[in-house]
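To keep things clear, I will list the structure first and then write my remarks on it.
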Amino acid sequence: MDTVGVETTIVFTGATLGNPNDPQAYQGQSVTVPKGMNHVLSATVQTSTSGNMAWVLDLDSKRPYAVSSSSDPAYFVISIG
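Residue numbers for the sequence shown follow this note's numbering, beginning at 30 and rising by one.
Printed below as a string of structure tokens:
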């Protein structure tokens, strides 16, 4: 299992937050403070016009992680512990 540092950036190439008029597009805040998570202090989403999207995670300390994903339906899960 790999580890992530205190500030970790996850970049998705060829991804955007979607059309803001689409009810399935991300409609949340650019910075969130998750409740009920043991190690994530905050998460910031960043997007660019070049088709990249990044989530910057602020963690309480360096932590191990695991990643899983699916293409149908599309989702991405990072487990930090």
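Idealized CB from N, CA, C, for every residue including glycine.
What first and last residue would you give for the beta strand (DSSP E) that runs through Leu-46? Where Leu-46 is concerned, there is no enclosing beta strand (DSSP E), given that its DSSP letter is neither H nor E.
Quick check: Ile-39 and Ile-107, are their CB atoms within less than 8 angstroms of each other? yes
Among the residues of its own chain, which have a CB less than 7 angstroms from the CB of Asp-89, if the five just before and after it don't count? His-68 and Leu-70
With C-beta atoms as the reference, is Thr-45 less than 8 angstroms away from Thr-76? yes
Return the residue from the list Lys-64, Gly-80, Met-82 and Leu-86 that minimises the CA-CA distance to Ala-72. Looking at the Cα atoms, Leu-86 is the closest of the given residues.
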